[in-house]
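Have a look at the structure below before the remarks.
Residue numbers (the working numbering), protein chains in the order written: chain A, 1 to 427; chain B, 1 to 427.
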């Protein structure tokens, strides 16, 4: 792991000369072509692109209800039970995110309010292959369920050997209304524009490879999308009171995701940092995914030695990590130090995988520093707001002069006229 | 105005063969070049591009506090008073949108919660020239103020004759913390990446021309942005009990905005539709902005005759208008019919300009059918959420087997190990 230390400014300097993502113009153009193709040619394009990219020839994209039911029979009972437990925790957490509208009648003759309503359809993208995670199916579908979205469409790429039964079982448990086997940029385009087979949706969420991510950006505005996801990261803020074995294990659980994943320890104690680094090396050797985790640690693993807890949190807020573990004594004391982080894990036993699978908060989180402005996926992502007003004639009369004045200053005479005409005799 | 009638299916068919926006690839590439230029060359690029596009040579972009104070002296007292009244209404409405976090301690040893915090910086784009609207300054800045954003940066293009004092006065009244004179795609790039003069922000909001809109889409993910805005529209649902003069005036207040603006009446009464169409023609002749309004009405004005109120609302929901006026008897009875609309105006006296300037709900609304999934600008747009969890050792022990099982099914052994290691003796 790379060691970084010095005063805060020196640390900022070193952090900010890190990776720069070069725009992938070629891939962007390829994605634009795929999206336009599906928009124009619908199912014909989908079939052709599915044969080309997935090597599978399909006549029908829909996964039948009986296939979904069968999947439940083909996975272990203890897996279903664990998934049901996770579902219960996810539901009870997200239930608390539900918002209501409001109505305000403070001024006589005036009513102002806001409705909060679910989207009518949501499209959930679920990756195939080795990145197929049943937990992700739950995390993406359940907030839409709680929002009250009546039609939840899941898409996932077809495999040469059929679909992953764990994914289908998760879809069934989460309550996907319809499942289609189609993937990549073509699936995103189909959900955005609709085809004869695939329904058009209001919003597309879910993780995916570069093609999926670029396609989502391409159709943003035609439909809504969730966030733009980049490589994932964890920051652990820990002092010498923490357990280096726990911290090392948590860093590695991030590192095993992806060679680009970033596992970062910020500590006030250099010896503690050394102890964690040796533990990381020791534990690495026992991991089936050692190769991936080792590359991540070698390229992006960092131990940052800060000269105070204050400085540690300033550095953490500057990184704005997806996951933040606070392994300090009395961790709750430091929650108020957190400005930018997707999800915070407090204390020695709130290990990141607990949040990934089970505790209830969403594991779809803002990555790569976007926690400065993006939020965890939640119920609000599947709702839209509508404002409303009602005024009596008397109430409008009291405010009409100010409205007319503002409209005229902006040169919008027809706006002024629309107010004035309501107080004029017909001629 | 174009008349459309028939059964619901026939109406849908006619609506959906409307305008198709062709991708403006050339402009997209020009915008990409501007954004890359500012990212790479900072202030030098900003100065060069400002000279090129705005015809103004600047040495300093910052508008001083004394210039802002002066602006208040250079506009009429009744204008300031009207703007202050509007501000009060906007604040009292948006105050009700504020959200709190929560904490849940339902399970022994488990704490789960959510923080809601303001963004640290927001960038507000305000157009110059003839599209400079003081009301828009209030509508974009005040929700950020209520969210608690501590640093609100406004940018607006420089003019050869200096800046519009009404815009500067509005900035002062709304409480912009810093104002810079820079516009176009270069301003968006500066806010996204930061330059020596212009601070980097977390989110960019505000209306703008095609260059501004494409630049916002280009930097989405580096920062957050508000919605992608297209041409603006109003749908009025009215029956024969409504006043055709009022309805015509409201349609025209939309039409005067822009030749691409859409003013649509959906009615159950063809004679009423005829009466509105003649009123539109009559009132058009009296408007200073007749040319713009006439073009909008000629190209996009529609009277849709529906065979029932139910059908009228189905058509309206399919259009998903930015503004919806319900001019029926007992308009509140129909609020539950509204699925997709940005803002709803109920009854004969809730004219759209009342909402544009004064009532309090935001006038930054989802346009061009995006009310299916986008919402009015609001306090939530300037906040981010962070989840947090804390578990005791006992609480984790109860759930550890399920977590380990799920992690292993996903092939993420290091995830499973991070949980297990907490219950193992050190060896």
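Glycine is no exception: its CB is placed at the ideal position from the N, C-alpha and C atoms.
None of these values were measured; they are calculated from a predicted model.
- As the crow flies, the alpha-carbon of residue 167 of chain A is around 11 Å from that of residue 176 of chain A.
- In the DSSP annotation of this structure, the continuous segment of the beta strand (DSSP E) that includes residue 327 of chain A starts and ends at 323-327.
- With distances taken between CA atoms, residue 132 of chain B lies nearest to B/163 out of B/163, B/117 and B/121.
- Not flagged as an interface residue toward chain B: residue 100 of chain A, since no C-beta distance is shorter than 8 Å.
- Neighbours of residue 339 of chain B across chain A, judged by C-beta separation under 8 Å: 117 and 120.
- Among the CB atoms of chain B, none fall inside 8 Å of the CB of residue 157 of chain A.
- Taking residue 110 of chain A as the centre and dropping the five residues before and after it, the same chain places the C-beta of 391 and 395 closer than 7 Å to its C-beta, in chain order.
- In this structure, residue 276 of chain A sits away from residue 235 of chain A, with a CB-CB distance that is not shorter than 8 Å.
- The three-state reading of DSSP puts residue 2 of chain B in strand, counting E and B together.
- Residue 194 of chain B is positioned such that its CB atom lies no closer than 8 Å to that of residue 211 of chain B.
- For residue 227 of chain A, the number of other beta carbons within 10 angstroms of its own is at least 16, and it is reported as buried.
- Residue 308 of chain A counts as exposed, since fewer than 16 other C-beta atoms from the protein chains shown sit within 10 angstroms of its C-beta.
- For residue 265 of chain A, the enclosing beta strand (DSSP E) stretches over residues 262-267.
- Pairing residue 331 of chain A with residue 354 of chain A gives a Cβ-Cβ distance that is not under 8 Å.
- Non-local C-beta neighbours of residue 208 of chain A in its own chain, meaning closer than 6 Å and more than five positions away in sequence, comprise 125 and 127, ordered along the chain.
- Contact note: residue 364 of chain B does not reach chain A at a C-beta cutoff of 8 Å; the least C-beta distance is about 11 Å.
- A contact between stretches requires three or more CB pairs, one per stretch, nearer than 8 Å, and the stretch 363-376 of chain B meets this requirement with the stretch 135-153 of chain B.
- Separation of the CB atoms of residue 371 of chain A and residue 320 of chain A is rounded to 4 Å, and the pair is thereby assigned contact status at 8 Å.
- Straight-line spacing of the CA atoms in residue 283 of chain B and residue 289 of chain B works out to 11 Å.
- Taking a Cβ-Cβ cut-off of 7 Å, residue 242 of chain A has no neighbours in chain B, whose nearest Cβ is about 12 Å from it.
- Close partners of residue 335 of chain A in chain B (Cβ separation under 8 Å): 115 and 388.
- By the beta-carbon neighbour count (other beta carbons within 10 angstroms, threshold 16), residue 241 of chain B is exposed.
- For residue 296 of chain B, the uninterrupted alpha helix (DSSP H) segment begins and ends at 290-300.
- Taking the Cα positions, residue 107 of chain B is about 30 Å away from residue 317 of chain A.
- By the Cβ criterion, the stretch 322-339 of chain A is not in contact with the stretch 72-79 of chain B, since fewer than three pairs of Cβ atoms, one from each stretch, lie closer than 8 Å.
- Judged by beta-carbon spacing, residue 86 of chain B lies within the 8 Å limit of residue 406 of chain A, meaning their Cβ atoms are closer than that value.
- Interface flag for residue 87 of chain B against chain A is unset, since no Cβ pair is found closer than 8 Å.
- With respect to chain B, the C-beta atom of residue 367 of chain A has no partner C-beta closer than 8 Å.
- 8 Å or more divides the Cβ of residue 230 of chain A from the Cβ of residue 263 of chain A.
- Pairing residue 197 of chain B with residue 54 of chain B, the inter-Cα distance amounts to about 18 Å.
- In this structure, residue 203 of chain B keeps its C-beta atom at 8 Å or more from the C-beta atom of residue 179 of chain B.
- Per DSSP, residue 177 of chain B lies in no beta strand (DSSP E) segment and is marked neither H nor E.
- When the five nearest sequence neighbours on each side are left out, the beta carbons in the same chain lying within less than 6 Å of the beta carbon of residue 121 of chain B are those of 151, 201 and 202, in order along the chain.
- Around residue 34 of chain A, the same chain offers 185 and 186 as residues with beta carbons nearer than 6 Å, after the five sequence neighbours per side are excluded.
- Residue 377 of chain A and residue 143 of chain A have their C-alpha atoms roughly 8 Å apart.
- Chain-order list of chain B residues neighbouring residue 91 of chain A: empty, with the shortest C-beta distance near 12 Å, by a criterion of under 9 Å.
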